[in-house]
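Numbering (our numbering), first residue to last: 4 to 583.
Every residue, glycine too, gets a C-beta built ideally from N, C-alpha and C.
Since the structure is predicted, the reported quantities are computational estimates derived from the model, not experimental observations.
Worksheet for the structure shown next.
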Ligand code: DGT
Ligand code: CA
Ligand code: CA
Ligand code: ZN
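This is the structure:
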């Protein structure tokens with residue numbers, strides 16, 4: 004197991020012990036152990052395990068050292084497996100409901116015998132939860148609302164997770180001898196932040212073996228529909244998928260149709276009708292007295308668009324939001340691509356709540372070919388995330404300067420901070436401290452429930468601060484889990500443009516915030532974007548791909564996104580900002 008996986012296992016043990024109401028000291032030991040592991044490097048862990056010296060690490064005692072060794076060597080731990088078996092899965096699931104921590108869940112379990120979410124919903128509905136000590140009417144209402152949200156959200160899936168499943172299926176389908184062409188269509192292909200179900204389009208001469216392969220995948224839990232040229236399944240994750248197999252000459256039409264969106268398709272059909280053509284998933288057919296003598300030949304989507312007098316429309320833009328009018332005028336803008344990215348500014352290390360060291364993060368950025376990596380750990384007000392005070396931040400700045408000077412990595416590291424915007428809009432660190440940094444990401448991390456005018460004024464006050472370089476996750480939303488805070492984004496965007504402050508497109512697949520729907524208009528008015536993965540571990544840097552997707556949906560071109568700029572341009576820009 005990797006270091007992070009072991010840390011996760013220790014964290015899981017702590018949660019399970021808490022749900023069993025175990026001794027707080029024991030629980031704390033696992034939490035501390037997980038933290039301690041995060042602070043050492045992967046190679047160092049290997050050495051300590053081999054030498055049997057894990058106990059020399061502060062925060063790792065004898066019992067923990069044995070468990071870490073087992074996990075490292077065998078990847079398994081009987082203790083954890085037994086623990087999982089004794090804690091009802093429903094209790095762990097209840098942790099996903101906002102406002103419910105292990106202590107409350109333990110009380111619900113102990114006093115009301117609740118073991119799953121359905122029973123909890125029933126107990127809220129008939130008022131039993133409000134009667135419990137430490138709960139009350141308000142908490143009961145909040146729990147019930149959380150359960151309802153969860154049900155509504157459970158119907159959709161994060162794009163990032165769906166894309167991983169889809170990629171495996173597409174690879175498998177393309178490898179079949181019968182398959183000529185295969186693509187994932189639907190909202191996934193359009194890069195929508197959440198996906199209802201997957202839609203696979205295949206061109207094949209003989210469809211039966213393709214259907215048979217699809218429904219026999221190990222991840223398929225249930226086959227919900229099956230025919231000669233189509234099938235629908237549900238995977239064990241709950242995600243559903245439709246497969247449609249067409250003859251090769253229909254592939255472009257089927258792919259276009261099932262890519263959608265519905266609104267885009269409606270507009271395309273209207274446009275076809277105006278040209279005497281009826282457009283469907285099968286192809287063109289003559290419509291009305293003005294129909295042309297022969298149907299246009301189409302072997303790819305490009306020809307389909309061309310037949311209607313349109314430039315090619317990238318799938319991400321097919322939302323019925325003006326893309327057809329734009330494609331009528333000429334080629335669409337060259338949207339940003341993954342290969343344009345040269346760095347990122349909002350990333351954490353284990354100095355705050357990240358899982359990897361500065362050197363590990365830099366090595367990972369270098370492996371991605373990035374020219375620069377911005378480190379922006381939390382500031383002190385985010386104490387739950389182990390935010391840095393002035394002394395620790397100054398030490399980190401020195402560490403970064405030393406690393407850059409050492410020439411150990413080709414990637415340059417910028418010293419930044421993710422500075423909390425306090426509830427009144429002041430910043431968590433004073434101006435002198437902020438002045439020592441290369442840049443400042445300002446973010447809201449508390450008092451999410453403020454009224455819209457208060458929150459808007461708070462964020463704008465931060466934007467007006469001369470040391471603020473960019474605004475982090477503009478609404479704080481967590482996709483499928485938590486709505487953003489109430490804020491007047493129009494005014495926030497105006498303020499950012501007026502003060503030359505960049506707004507981040509947080510590329511974490513759970514955030515994708517500021518939402519793509521705002522970017523086209525905002526960028527046209529001069530707002531600059533930074534695609535920031537908000538990585539909390541080395542693997543998190545790869546999330547920029549999700550951000551690039553969202554940026555494409557927002558019609559962003561490389562020139563709108565500062566993280567496509569070369570290092571020299573970023574350095575010049577940052578030093579100009581410091582002189583203002
Ligand atoms: P999802 O799955 O909810 O995230 O969204 P989509 O867009 O993948 O929707 P889905 O899976 O229901 O259908 C895939 C595409 O097929 C959809 O984007 C457009 C096309 N389509 C499906 N039903 C209709 C329809 O009733 N009218 C039109 N014009 N197109 C449709
Ligand atoms: Ca779909
Ligand atoms: Ca579908
Ligand atoms: Zn943050």
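Closest to residue 419 by CA distance: which of 351, 527 and 20 is it?
351
Would you kindly report the start and end of the unbroken beta strand (DSSP E) that includes residue 3?
Outside the displayed span of the chain (4 to 583) sits residue 3, for which this structure offers no information.
Threshold first: 4 residues or longer. Then list the alpha helix (DSSP H) segments lying entirely within the stretch 201–284, N to C.
211–218, 254–262 and 265–276
Are three or more beta carbon pairs between the stretch 313–328 and the stretch 412–426 nearer than 8 angstroms?
no
Member of 120, 579, 466 and 399 whose CA lies at the smallest distance from the CA of residue 428
466
Leaving aside the five residues before and after residue 227 along the sequence, list all residues of the same chain whose C-beta is less than 8 angstroms from its C-beta, in chain order.
235, 236, 237 and 243
Cβ neighbours of residue 92 in the same chain (closer than 6 angstroms, five flanking residues each side left out)
none
Cutting at 7 angstroms between CB atoms, please list the residues of its own chain near residue 196, excluding the five before and the five after it.
162, 482, 515 and 553
Would you call the CB atoms of residue 565 and residue 471 closer than 8 angstroms?
no
Measuring only the C-alpha atoms, how far is residue 212 from residue 229?
13 angstroms
Is residue 195 near ligand 1, in the sense that its beta carbon is under 7 angstroms from a heavy atom of that ligand?
yes
Looking at the structure shown, is residue 427 part of a helix, part of a strand, or coil, going by DSSP?
coil
Check residue 552 in the structure and name its three-state DSSP category.
helix
Is any heavy atom of ligand 1 found at a distance shorter than 7 angstroms from the C-beta of residue 260?
yes
According to DSSP, is residue 479 helix, strand or coil?
coil
Buried or exposed for residue 360, going by 16 or more other Cβ atoms inside 10 Å?
buried
Mind checking whether residue 455 and residue 476 have CB atoms under 8 angstroms apart?
no
Helix, strand or coil at residue 416 [DSSP, three-state]
strand
Using 10 angstroms around the beta-carbon of residue 355, count the other beta-carbons present and answer buried if the total reaches 16, otherwise exposed.
buried
Is residue 375 helix, strand or coil when you go by DSSP?
strand
Helix, strand or coil at residue 559 [DSSP, three-state]
coil
For residue 508, which three-state DSSP category applies?
strand
Alpha-carbon to alpha-carbon, residue 300 and residue 10
58 angstroms
Spatial neighbours of residue 138 within its chain, please: CB distance less than 7 angstroms, with the 5 preceding and 5 following residues excluded, ordered by chain position.
132
Roughly how many angstroms separate the alpha carbons of residue 570 and residue 382, rounded to a whole number?
26 angstroms
Secondary structure at residue 298, three-state DSSP: helix, strand or coil?
coil
For residue 160, which residues does DSSP report across the bridge?
198
Report yes or no: do the stretch 330–338 and the stretch 518–534 share at least 3 C-beta pairs separated by less than 8 angstroms?
no
Does the Cβ-Cβ distance between residue 94 and residue 16 come in under 8 angstroms?
no
Any contact of the stretch 542–551 with the stretch 334–352, i.e. 3+ C-beta pairs under 8 angstroms?
yes
Check: residue 263 C-beta below 7 angstroms from any heavy atom of ligand 1:
yes
Kindly confirm or deny that the stretch 200–209 and the stretch 184–191 touch, where touching means at least three C-beta pairs closer than 8 angstroms.
yes
Mark residue 385 as exposed unless 16 or more other C-beta atoms lie within 10 angstroms of its C-beta, in which case mark it buried.
buried
Starting from the Cα of residue 78, find the closest Cα among 4, 135, 423 and 149 and give me that residue.
4
Cβ atoms of residue 96 and residue 117: under 8 angstroms apart, would you say?
no
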